[in-house]
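All residue numbers for the sequence shown refer to UniProt numbering, where the first residue is 1 and numbers rise by one. Notes follow once the structure below has been shown.
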Amino acid sequence: MLNVIIQIMVAFPLETEQGHGRVLVVYGAGVVAGGLGASVFEPTAMVGASAGVYCLLMSHIPHIVMNFQSLSHRYFRLVAVLLLCVSDVIYSIRHCLTKGNLQPRIGVAAHVSGAICGLLIGFIVYRGAEKTMAFRIARYAALLLYVAWIVATVVYNVEKKF
């Protein structure tokens with residue numbers, strides 16, 4: 001239930017500024033990356049919607065960077081995203097240390113994979129206000145890293161089966 005609430009809070013501003021389709025692509029890419037990351041690093045972990053939520057959350061960073069001058073409340077948004085991230089990292093570390101990552105079990109690999117995917121895929125999918133060479137380079141670098149991650153995890157999983 002918490003994932004759905006956070007998903008709505010995080011996705012709403014992105015959908016109003018980037019459109020439903022772009023946000024859907026980002027969310028879907030996060031779910032795929034999270035599932036593949038979990039299959040490599042935590043193959044026994046159960047994966048839910050959290051990788052997609054982390055992807056949406058972290059995709060705010062490229063959205064803010066690429067549209068910094070045109071966004072209202074840009075500093076508030078940046079602080080809000082960073083506070084959510086830091087508080088969740090602190091909670092996860094505390095949970096792992098005090099409860100041995102049991103009840104509930106946190107799929108750390110899925111969360112991290114989704115978050116990294118959000119940083120990368122946000123540069124690929126989202127529109128930016130400025131079309132500078134630096135943003136084009138960032139977009140191509142992000143695409144290269146995302147494709148490399150997907151290919152590497154798929155190859156690993158295929159090789160693991162044989």
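For every residue, glycine included, the Cβ atom is placed at its ideal position computed from N, Cα and C. Source: prediction; values computed, not measured.
Quiz item: Quick one: any contact between the region 2-11 and the region 48-58, if contact means 3 or more CB pairs under 8 Å?
Solution: Cβ pair count under 8 Å is three or more, so yes.
Quiz prompt | Under 8 Å between C-beta atoms of V31 and G52 | solution = Here residue 31 is taken as the residue at index 31 of the sequence shown, counted from 1. Here residue 52 is taken as the residue at index 52 of the sequence shown, counted from 1. Taking C-beta atoms as the reference points, V31 and G52 count as a pair closer than 8 Å.
Quiz prompt | Distance, A38 Cα to R139 Cα | solution = For the purposes of this step, residue 139 is identified with residue 139 of the sequence shown, where counting begins at 1. For the purposes of this step, residue 38 is identified with residue 38 of the sequence shown, where counting begins at 1. Roughly 25 Å between the two C-alpha positions.
Quiz item: Alpha carbon to alpha carbon, what distance is there between H73 and T16?
Solution: On the sequence shown, position 16 is the one that residue 16 refers to. On the sequence shown, position 73 is the one that residue 73 refers to. In this structure, the CA atom of T16 is about 14 Å from the CA atom of H73.
Quiz item: Mind checking P62: buried by the 16 CB within 10 Å criterion, or exposed?
Solution: For the purposes of this step, residue 62 is identified with residue 62 of the sequence shown, where counting begins at 1. It counts as buried.
Quiz item: In three-state DSSP terms, what is I106?
Solution: Within the sequence shown, residue 106 is the residue found at index 106, counting from 1. Correct three-state label for I106: coil.
Exercise. Please classify P43: does DSSP put it in a helix, a strand, or coil?
Key: Counting from one through the sequence shown, the residue named residue 43 turns up at place 43. Three-state result, P43: coil.
Practice problem: Under 8 Å Cβ to Cβ from A49, same chain only, skipping five residues before and after it: list those, please. | Solution: Here residue 49 refers to the residue found at position 49 when the sequence shown is read from its first residue. Excluding five sequence positions before and after A49, the CB atoms of its chain that fall closer than 8 Å to its own CB belong to N3, V4, Q7 and V31, given in chain order.
Quiz item: With DSSP run on the structure shown, which of helix, strand or coil describes A129?
Solution: As a working note, residue 129 is residue 129 in the sequence shown. Correct three-state label for A129: coil.
Quiz item: Is G34 closer than 8 Å to S113 when the C-beta atoms are compared?
Solution: Position 113 of the sequence shown, counting from 1, holds the residue named residue 113. Position 34 of the sequence shown, counting from 1, holds the residue named residue 34. A contact, by the Cβ cut-off of 8 Å.
Quiz item: Which one of G128, L120, A109 and R105 has the shortest CA to CA distance from V40?
Solution: To locate residue 40, count along the sequence shown from 1; it is residue 40. Taking each of G128, L120, A109 and R105 in turn and checking the Cα distance to V40, the smallest one comes out for A109.
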